[in-house]
Amino acid sequence: MTVDTLSLSRNVLESDERQVLAAREERHTVIETEAAARTEIRAIESATDFVAATTFEEAFLIVVQNGMRSDAALELQSVGRTDDGLDLQITVDNPLLPDHDDLTTHSLLVRVTDEKWRVPGDIAVAIEGYR
35 MTVDTLSLSR
45 NVLESDERQV
55 LAAREERHTV
65 IETEAAARTE
75 IRAIESATDF
85 VAATTFEEAF
95 LIVVQNGMRS
105 DAALELQSVG
115 RTDDGLDLQI
125 TVDNPLLPDH
135 DDLTTHSLLV
145 RVTDEKWRVP
155 GDIAVAIEGY
165 R
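Numbering of the sequence shown is given in the working numbering, commencing with residue 35 and proceeding in unit increments.
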């Protein structure tokens, strides 16, 4: 299994009418095809480049999102196999800055190329490290 990531401090999903998720609100979306990626991912240069580098016949994307202060970031710590899928462990990278209240949506794009599954049946995501 090969995993690549891109972390952005903004909402990358077109289908979401809201620009900002609530504080500590979490969600994830699986994108299995190039057509779905073109429809779902906003035209943000780094995200568009990440999608363009994905060979969807061999890989898929998981978009993990949460609401938190803008200076924090999502970081993938590990991806583990389960009996019927994958388990993603993600941490919040908090810089040592005084607290401030500027809630924004963070997006972590995770590209998975897996020889076992084209797209696994179950994907579990856990985000730890909020302050």
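Here a beta-carbon is modelled for each residue, glycine too, at the ideal position from N, C-alpha and C.
| task | Just mark Ser141 as buried or exposed, buried being the case when its beta carbon has 16 or more other beta carbons within 10 Å. | result | buried
| field | Beta-carbon gap between Leu137 and Arg165 smaller than 9 Å | value | no
| message | Distance check for Ser43 and Leu108, CA to CA, integer angstroms please. | response | 9 Å
| query | Do Glu68 and Val54 come within 9 Å of each other at the CB atom, strictly closer than that value? | reply | no
| query | For the candidate residues Leu47, Val113, Arg115, Gly101, whose alpha-carbon lies nearest to that of Thr82? | reply | Leu47
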